[in-house]
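Student: Counting in the UniProt record's numbering, the final residue of the sequence shown is number 198, and the numbers go up one at a time with none missing. Every residue, glycine too, gets a C-beta built ideally from N, C-alpha and C.
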Amino acid sequence: MTQSAATILIIDDDVHVRDLLEVLLQNQGYRTLTAESGELGLAMVELQAPDLILLDIMMPGMDGYEVASQLKASKSTANIPIIMLSALDEQSARLSGLEAGAEEYLNIPVDSAELWLRVRNLLRLKAFGDYLKNHSLILEDQLQQRTIDLERFRTVMDASEDAIFLINRNTMSLIEFNRRACQLLGYTAEELAHKTPA
């Protein structure tokens, strides 16, 4: 994911903080979306999942802890990184934010260099996680297709009236054989599996 392709959702009830964060992020090439409440932020995530969320803790109505907890509880949004924002500089607030599911915590006023670095690093981690997830899905599809192909091969092989043997050239051991091969040689499948061709 390139920097310019990333979309960041800013959820904060303070219009000045939202505007400042929006300018800082847009100056770095990020696309931004904004929401002035936790409820609106959750609704926006459902419509268009962002690549990262900046989330204020102290908001009227649904606070940042509840928003983060709901996002992390949903399979479709659990992998969206969250940076919690707060004027509270207490360890308990940081720990509560991290416990709710946030990956990072920044104090307001935000240091722009720290914000950019944390955003960049979280987006890199998300991109790598997305790559691994997609690669895993591709491998699962390939494995499923190979399993289907192998089952077809075995079905065709067992349906043949000819005796079929597949032998490993290097070890001279049987790899596969069909039902007719067992009948022709007078062995059970288990017995034939342990035989080595002469």
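Which runs of the beta strand (DSSP E) at least 3 residues long sit entirely within the UniProt domain "Response regulatory" (7-123)? Give them in chain order.
Tutor: Runs of the beta strand (DSSP E) inside the UniProt domain "Response regulatory" (7-123): 7-11, 31-35, 52-56, 82-86, 104-107.
Student: Can you find the residues in the same chain that come closer than 6 Å, C-beta to C-beta, to Ala93, ignoring five residues on each side of it along the sequence?
Tutor: Numbered from 1 along the sequence shown, position 93 holds the residue referred to as residue 93. Correct list, in chain order: Ser86.
Student: Run through DSSP, which three-state label would Leu174 get?
Tutor: The count along the sequence shown starts at 1 and reaches residue 174 at position 174. Three-state DSSP puts Leu174 in a strand.
Student: For Phe165, which beta-bridge partners are listed by DSSP?
Tutor: What you label residue 165 is simply residue 165 of the sequence shown in a count that begins at 1. Per DSSP, Phe177.
Student: If you follow the alpha helix (DSSP H) that Ala5 is in, where does it begin and where does it stop?
Tutor: Here residue 5 refers to the residue found at position 5 of the sequence shown. Run containing Ala5: none; DSSP gives neither H nor E here.
Student: Could you tell me the distance, in whole angstroms, from the CA atom of Leu122 to the CA atom of Glu190?
Tutor: Here residue 122 refers to the residue found at position 122 of the sequence shown. Here residue 190 refers to the residue found at position 190 of the sequence shown. In a straight line, the C-alpha of Leu122 is about 54 Å away from that of Glu190.
Student: Tell me, please, whether the region 66-81 touches the region 109-129 by the rule of three or more beta-carbon pairs shorter than 8 Å.
Tutor: Cβ pair count under 8 Å is three or more, so yes.
Student: Output yes or no for whether 8 Å exceeds the beta carbon distance between Leu192 and Leu185.
Tutor: Your numbering for residue 192 matches position 192 in the sequence shown. Your numbering for residue 185 matches position 185 in the sequence shown. Yes, they are a contact pair.
Student: Would you tell me roughly how many angstroms separate the C-alpha atoms of Glu46 and Leu166, rounded to the nearest one?
Tutor: Taking the first residue of the sequence shown as position 1, residue 46 is located at position 46. Taking the first residue of the sequence shown as position 1, residue 166 is located at position 166. Taking the straight line joining both Cα atoms gives about 54 Å.
Student: Going by other Cβ atoms of all chains shown within 10 Å of its Cβ, with 16 needed for buried, is Met59 buried or exposed?
Tutor: Residue 59 sits at position 59 when you count from the first residue of the sequence shown. By the neighbour-count rule (16 or more Cβ atoms within 10 Å), Met59 is buried.
Student: What residues in its chain sit with their C-beta under 7 Å from that of Ile108, if we drop five residues either side in the sequence?
Tutor: Looking up residue 108 in the sequence shown gives position 108. Excluding positions up to five away in sequence, the list reads Val17, Leu85, Ser86, Ala87.
Student: Between the beta-carbon of Gly38 and the beta-carbon of Met62, is there less than 8 Å?
Tutor: Translated into the one-based positions of the sequence shown, residue 38 becomes position 38. Translated into the one-based positions of the sequence shown, residue 62 becomes position 62. Yes.
Student: Considering only the alpha carbon of each residue, which of Gly29, Glu22, Asp13, Arg118 lies closest to Ala5?
Tutor: As a working note, residue 5 is residue 5 in the sequence shown. Considering only alpha carbons, the answer is Gly29.
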